[in-house]
Amino acid sequence: MLRPYVIIRESRWSAMSPRLSREARKSLELVRCPKCGREFSLIYARAMACWGCPRAAMSCTLVRCPYCDAEFPLESLRTVRGRGEAQSVARYLSRVVRDYE
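Numbered per my numbering, the sequence shown spans residues 13 to 113.
Shown next, in the form of structure tokens:
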């Protein structure tokens with residue numbers, strides 16, 4: 013039987029599947045908006061705040077807060093190390109968006 017994944021404070025996971033890629037793990041982590049201070053996951057932001065934006069399915073390296081609509085670069089997140097990793101996470105998020113449109 014599959015156990016649900018549960019987010020715990022500070023982006024720690026309970027029952028994390030070792031089969032998830034690094035990009036998938038980063039897309040599920042909680043990030044904090046630098047403008048309003050609310051927390052959300054990258055995948056939630058891409059699915060909700062970027063809905064309808066043509067760049068959402070084209071490896072956009074920006075994150076849009078689903079609460080206040082502020083945009084900031086993936087590279088500014090403490091969990092993303094550098095431009096290469098930001099582009100890798102952006103490609104993963106774009107694949108997910110394209111698959112579910």
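We put the CB at the ideal spot given by N, CA and C, even for glycine.
Inspect the beta-carbon positions of residue i and residue j and report whether they are closer than 9 Å.
{"i": "Leu40", "j": "Ile55", "result": "yes"}
{"i": "Cys77", "j": "Cys45", "result": "yes"}
{"i": "Met70", "j": "Ser33", "result": "no"}
Excluding the 5 residues flanking residue i on each side, which residues of the same chain have their C-beta closer than 8 Å to its C-beta?
{"i": "Cys62", "result": "Ala68, Cys72, Arg76, Val109"}
{"i": "Arg112", "result": "Rather than Arg, the amino acid found at residue 112 in this sequence is Tyr. Around Tyr112: Ala59."}
State buried or exposed for residue i, treating a residue as buried only when at least 16 other CB atoms are found within 10 Å of its CB.
{"i": "Ala104", "result": "For the record, residue 104 in the displayed sequence is Tyr; it is not Ala. Result: buried."}
{"i": "Ser88", "result": "exposed"}
For residue i, which residues in the same chain have their Cβ closer than 7 Å to its Cβ, ignoring the five residues on either side in sequence?
{"i": "Val92", "result": "Lys38, Leu86, Ala98, Val101"}
{"i": "Ala81", "result": "According to the sequence displayed, residue 81 carries Asp and not Ala. Closer than 7 Å at the Cβ level, and outside the excluded window around Asp81, lie Ala61."}
{"i": "Arg95", "result": "Glu87"}
In chain order, what residues of the same chain lie with their CB nearer than 6 Å to the CB of residue i, ignoring the 5 residues before and after it?
{"i": "Ala59", "result": "none"}
Can you tell me the Cβ-Cβ gap for residue i and residue j, rounded? I've got them flagged as a contact below 8 Å.
{"i": "Glu51", "j": "Leu42", "result": "5 Å"}
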